[in-house]
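*Asks:*
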Amino acid sequence: MSKILKLFLMISVALNFFVNSFAGSVIKIDGSSTVYPITEAIAEEFQAMYKDIKVVVGISGTGGGFKKFVTNQTDISDASRPIKSSEQKKARMNGIDFIELPVAYDGLTVVVNKNNKFIDHLTVAELKKLWEPAAQGNITKWNQVREGFPAEKIVLYGPGTDSGTFDYFTEAICGGSGKSRGDYTPSEDDNVLVQGVAGDKNALGYFGLAYYEENKDKLNAVKIDGGNGPVEPTYDNVQDGSYQPLSRPIFIYVNRNAADKDYINKFVEFYLKKAKDVAKEVGYIALPDKAYEFALKKFRERKTGTVFKGAKIGVSVEELLSK
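Just so it is clear: in the sequence shown, position 166 is 245 by my numbering, and no numbers are missing.
Written out as structure tokens, the structure is:
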């Protein structure tokens with residue numbers, strides 16, 4: 080074998096080792112657009128400390144993220160609802176165990192255009208009348224939702240069907256996950272929804288509290304009357320449980336086998352230690368210190384499975400802790 084050929088083979092082996100080593104230091108995350116701001120902020124801090132580890136965070140919606148997670152395409156899945164039974168089944172079929180970790184609390188926020196002067200609050204019954212499947216093609220003017228509203232065309236924006244926010248909202252408001260009128264503009268990107276509502280005085284939409292907080296100069300939040308009078312989606316009202324039924328915990332799901340990789344173990348521990356401060360920074364409600372301690376303990380003990388059955392509605396911080 081010539082010296083040149085030997086040198087070429089040595090370089091090839093070295094390059095393969097480098098590429099494989101780098102590829103092994105990539106953490107793949109996808110899922111909820113609601114959880115994305117927290118995960119992305121933590122990923123940026125983590126990469127500033129560990130420059131040899133790359134964290135890639137995508138936004139496919141909770142359902143889209145789980146489709147990748149249960150087929151072993153990602154290491155961590157961001158989720159704005161608990162994992163569904165059908166998703167658990169697919170994970171088992173593919174030999175995937177998961178660790179479920181709550182990371183913050185969110186108030187799903189209904190918003191209208193800044194120039195909307197007639198909607199201050201809506202009851203759950205009015206929201207159902209507006210969004211239920213029977214409304215499609217029938218409830219098309221605002222005066223059909225409440226007497227006294229103008230006879231203006233209703234324009235709706237909301238998450239797509241792969242979104243955990245869509246699942247939670249339809250469960251809480253329409254009485255079943257996925258039960259929704261279809262004649263609205265959907266997007267898995269909450270920024271698209273913000274721009275849509277901000278651009279039409281007769282528009283209404285819904286998404287996580289953080290996106291409203293970021294865009295409150297363009298939008299108005301609608302108070303929700305769950306039976307005890309209109310309540311604003313604020314940090315305090317979500318935390319004390321008075322903002323119902325649109326308050327919910329949000330999660331990350333970690334692939335059990337991936338968790339044993341040193342760089343993923345480092346990232347998840349870093350995440351749980353930083354989540355409280357970062358959640359507040361990006362507009363979400365931090366869990367109590369004890370919740371993060373429990374989550375860290377659960378992760379270190381590699382406890383797998385879910386404590387929820389479907390999109391559980393109205394879970395308080397206390398109930399989350401008890402689980």
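The C-beta atom is built at its ideal place from N, Cα and C for all residues, glycine as well.
Since this is a predicted model, take the numbers as computed values, not measurements.
From which residue to which residue does the alpha helix (DSSP H) around G275 run?
*Replies:* Unbroken alpha helix (DSSP H) run through G275: D269 to A277.
*Asks:* Per DSSP, what kind of secondary structure is N307 in: helix, strand or coil?
*Replies:* The answer is coil: DSSP assigns N307 none of H, G, I, E or B.
*Asks:* Between the C-alpha atoms of V191 and A282, what's the straight-line distance to the nearest angstrom?
*Replies:* Their Cα atoms are separated by approximately 6 Å.
*Asks:* Under the three-state reduction of DSSP, which class applies to T219: helix, strand or coil?
*Replies:* DSSP places T219 in coil when its eight states are reduced to three.
*Asks:* Determine, using beta carbons only, whether D279 and G216 come nearer to each other than 8 Å.
*Replies:* No, the Cβ-Cβ distance between D279 and G216 is not below 8 Å.
*Asks:* Please report how far the alpha carbon of A127 lies from the alpha carbon of E119, in whole angstroms.
*Replies:* Their Cα atoms are separated by approximately 12 Å.
*Asks:* Pull up the distance between the alpha-carbon of Y115 and that of K220, whole angstroms please.
*Replies:* Cα to Cα, Y115 sits roughly 34 Å from K220.
*Asks:* With DSSP run on the structure shown, which of helix, strand or coil describes P238?
*Replies:* Three-state DSSP puts P238 in coil, outside helix and strand.
*Asks:* Please state the DSSP three-state secondary structure of V404.
*Replies:* Residue 404 is absent from the structure shown; the chain starts at 80 and stops at 402.
*Asks:* Using 10 angstroms around the beta-carbon of F101, count the other beta-carbons present and answer buried if the total reaches 16, otherwise exposed.
*Replies:* Low confidence applies here, because F101 scores a pLDDT of 44, under 50, leaving its location unreliable; read the following figure in that light. Its Cβ having fewer than 16 others within 10 Å, F101 is exposed.
*Asks:* Tell me K232's beta-bridge partners as DSSP assigns them.
*Replies:* Per DSSP, K220.
*Asks:* Can you tell me whether A158 is buried or exposed? The criterion is at least 16 other CB atoms within 10 Å of its CB, across all chains shown.
*Replies:* Buried is the call here.
*Asks:* For V203 versus D319, is the C-beta spacing smaller than 8 Å?
*Replies:* No, they are not a contact pair.
*Asks:* Restricting to Cα atoms, I'd like to know which of V182, I178, I162 and K382 is closest to L366.
*Replies:* When each option's Cα is compared against that of L366, the closest is V182.
*Asks:* Is it buried or exposed for K359, if we count other Cβ within 10 angstroms and need 16 for buried?
*Replies:* Classification for K359: exposed.
*Asks:* What do you reckon, are the CB atoms on D269 and F245 nearer than 8 Å?
*Replies:* Not in contact: D269 and F245 (Cβ atoms no closer than 8 Å).
*Asks:* Taking the alpha-carbon positions, what's the S164 to E348 distance?
*Replies:* The straight-line gap from Cα to Cα measures roughly 27 Å.
*Asks:* Helix, strand or coil for G110, going by three-state DSSP, please let me know.
*Replies:* Looking at G110 - three-state DSSP - the assignment turns out to be strand.
*Asks:* Would you kindly work out how many angstroms separate the C-alpha atoms of S111 and G243, rounded to a whole number?
*Replies:* Whole-angstrom Cα-Cα distance: 7 Å.
*Asks:* Please state if the CB of K196 and the CB of L298 are separated by a distance shorter than 8 Å.
*Replies:* Cβ atoms of L298 and K196: not closer than 8 Å.
*Asks:* Do L187 and F248 come within 8 Å of each other at the CB atom, strictly closer than that value?
*Replies:* Yes. Within cutoff.
*Asks:* Could you tell me if R171 is buried or exposed, where buried requires 16 or more neighbouring beta carbons within 10 angstroms of its beta carbon?
*Replies:* By the 10 Å Cβ count, R171 comes out exposed.
*Asks:* Pairs of beta-carbons, one from the segment 288 to 297 and one from the segment 229 to 240, closer than 8 Å: are there three or more?
*Replies:* Result no; under three Cβ-Cβ pairs closer than 8 Å.
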